[in-house]
Structure formats: structure tokens, C-alpha cells
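K.L.:
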Amino acid sequence: MTLTQQQLAEFNKNGFLVLHNFLEKEVCQAILARTLTHLEHKIEPIESESDYSGKSEKYRTHVIDYSSIEDKQSLTVRRLRQVYDRDILFKNWMENEKIRPILKQVLEDEVVLTTAHHNSIMTKAPMQSTATSWHQDRRYWSYSDNNLVSVWLALGEENSENGALEFIPASHKMSFSKEQFGEKEYFREDNEKNISLIKTKKRTNLKAGDVVLFHCKLLHRANKNSTQKAKISFVYTVKGQKTKALHASRSAQYKEIFLP
Ligand SMILES: O=C(O)CCC(=O)C(=O)O
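Take 1286 as the starting number for the sequence shown in this note's numbering and just add one per residue.
Okay, structure coming up:
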């Protein structure tokens, strides 16, 4: 399966593309069932809600031990980390052959899976999660260029009430000044220029099996989950083969898998 010229042009222009009904419902259900077991037993490595909001920029740039430091009983899981090596079902999705020609098209290069970034299942627990502020994923990643794309798989409904992704179209190609970013390099919502740009945002309402591809420099955010049901999404990142992790950086400390 490949993208049409129109879909490819849309990805290149906006920095994201939704592929509805991409993964079969039965496969999604199997991944979800396995995920719920890992969540129930809080199997490490995990990132908790307070890890997510409390950790410094330095920690986020250099961490290689992802185990949560909190009390296991009371913490709320925000992400299951390092999912590639957790379960064959997770690995199979990350090595899915149907999506590979598409990834090759958007990267314009051979596809390499990075296990250093994302490589996680994101959760937003009912009533306990926090919003995610505007940011570019690339800010804590260390590579020779920006040819990295994330693959987001919805494992259930995603909408504004439970925290669907919102994007600022074409922001992956924009240049910003330092003042447009605040603490932890979040894109400031009180900056004049940012306010008008944020008005152009687009939300991606999704159903189980829908996939969103988005560029590593695309500005995005998500609401907290205000519903009674957890929102669960699987996200991994691929890069072009020519794109290299910088020596001795966190990005270089994890294996990469060439997907021919
Ligand atoms: O809150 C969310 O689900 C979005 C998470 C996200 O954008 C990220 O971790 O990079």
C-alpha cells in the first residue's frame, strides 16, 4: 500500500496525515488486551503522570533509565516505555509491512525504527491525566537532521474530551524565535505571534485502527482526559537511514532496526 500523490502532498504541506481504518480491528483489540495487562501490573519501564510533568529538561534530554521512581501502588501510568521489547504483538506492529512503503514515501529514504524515542504506549487515565502543552518532539532528540516521523495508532476513540492530538499545520517548516518558547521548550500560549498561529490548529478525532503520521518538528498538544474511560494510543518513531543519531547522545544509546 502506498500514499496517493495527494496524500503525500498533504503530509509534506501540513506535517501530518491521518490514515483511517489502517490496522484491522482484531489486531488492535489484541494489542489493547496485552496493553491492559501491562498497565494493570504496572510493568516497568513506565513513566507516571508526575514523572511526566515534574521531570526537568535536562532529565528528558539525557535519561536512559526510564523506571519510575515513584511508589508503584499509587502512581498513575502515563506511558509504557520501551514497548518494542515487551511483547511480540507490539514488535509486530512496529515492524508492520503494510505501512513500510508509506513510511518510505514520507521519509524519502530507507526506513529505520528508533527505539530511543516514543517507542511507547501512551495512556490518559480517567480524570487523573494532565493536558500536554504545545511542543515539538524533536526538541529533546539528537540527530543530524529532522527526517523523523512518528506513527500514532489509536487503540480506541480519541476526541477533544479524552485528549485527541491537535496540530498546527505546516509548523514543521516554520522558523521560530527563542522567545516563542518557554519553560521546557513548550510553545508559549501567551506570545502574540503564537496566539494567531494557534488559532489555525486542527484536531484529529480518531477511532481504533486509525493511524496518524506526524513530523518530528510539528507543533502538537492534547487535552487531559475528562471522561471515565482511559485513552490509549501506541506511538513509535522512524527515521531515514541517512539521518544519524549524534554520538554519545541519548538518541544513540538504543538499538535501531533497519526495516528494508
Ligand atoms: O497527551 C498526549 O496524548 C500527547 C503526547 C505527546 O504529544 C507527546 O508525548 O509527545
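For each residue, glycine too, the CB sits at the ideal point set by N, CA and C.
Since we're looking at a predicted model, the values are computed, not measured.
For Gly1525 and Asp1394, which I take to be in contact (beta-carbon distance under 8 Å), what is that distance rounded to the nearest angstrom?
P.N.:
Here residue 1525 is taken as the residue at index 240 of the sequence shown, counted from 1. Here residue 1394 is taken as the residue at index 109 of the sequence shown, counted from 1. Their Cβ separation, rounded to whole angstroms, is 3 Å, which keeps Gly1525 and Asp1394 in contact under 8 Å.
K.L.:
Quick one: is the Cβ of Asp1422 within less than 7 Å of any heavy atom of ligand 1?
P.N.:
Numbered from 1 along the sequence shown, position 137 holds the residue referred to as residue 1422. Yes, since a heavy atom of ligand 1 falls inside the 7 Å radius drawn around the Cβ of Asp1422.
K.L.:
Where do the ends of the alpha helix (DSSP H) carrying Glu1477 lie?
P.N.:
Residue mapping note: residue 1477 aligns to position 192 of the sequence shown, counting from 1. Segment Glu1477 to Ile1483, the alpha helix (DSSP H) holding Glu1477.
K.L.:
Mapping the DSSP letters down to three states, classify Val1368 as helix, strand or coil.
P.N.:
Residue numbering aside, residue 1368 sits at position 83 when the sequence shown is read from its first letter. Here Val1368 sits in coil by DSSP.
K.L.:
Of the choices Leu1317, Leu1398 and Tyr1337, whose alpha-carbon is the least far from that of Val1436?
P.N.:
On the sequence shown, residue 1436 is found 151 positions in, with the first residue counted as 1. Selected option, being the one with the closest Cα: Leu1398.
K.L.:
Across the segment 1439–1457 and the segment 1481–1494, are there enough close Cβ pairs to call them in contact, namely three or more that are closer than 8 Å?
P.N.:
In short, these stretches touch, since the Cβ pair count reaches three.
K.L.:
Can the beta-carbon of Met1407 be found closer than 8 Å to that of Arg1366?
P.N.:
Against the sequence shown, residue 1407 aligns to sequence position 122. Against the sequence shown, residue 1366 aligns to sequence position 81. It is not a contact, given that the beta carbons lie outside the stated cut-off.
K.L.:
Leu1450: beta carbon under 7 Å from a heavy atom of ligand 2?
P.N.:
This structure simply doesn't include ligand 2; it includes ligand 1 instead.
K.L.:
Please state the DSSP three-state secondary structure of Leu1498.
P.N.:
Taking the first residue of the sequence shown as position 1, residue 1498 is located at position 213. Strand.
K.L.:
Excluding five sequence neighbours on each side, which residues of the same chain lie with their C-beta closer than 8 Å to the C-beta of Leu1288?
P.N.:
Along the sequence shown, read from residue 1 onward, the residue named residue 1288 stands at position 3. These residues qualify, in order along the chain: Phe1296, Leu1302, Ile1387, Gln1390 and Val1391.
K.L.:
Please list, in chain order, all residues of the same chain as Arg1473 whose beta carbon is under 7 Å from its beta carbon, the five residues on each side excluded.
P.N.:
The residue given as residue 1473 occupies position 188 in the sequence shown. These residues qualify, in order along the chain: Gln1465, Phe1466, Gly1467 and Asn1479.
K.L.:
If you draw a straight line from the alpha carbon of Leu1304 to that of Ala1449, how long is it in whole angstroms?
P.N.:
Walking along the sequence shown from the start, residue 1304 turns up at place 19. Walking along the sequence shown from the start, residue 1449 turns up at place 164. If you take the alpha carbons of Leu1304 and Ala1449, they lie about 15 Å apart.
K.L.:
Output the boundary residues of the beta strand (DSSP E) element that contains Leu1531.
P.N.:
Along the sequence shown, one-based indexing puts residue 1531 at 246. Looking at the DSSP string, Leu1531 is not in any beta strand (DSSP E), and its letter there is neither H nor E.
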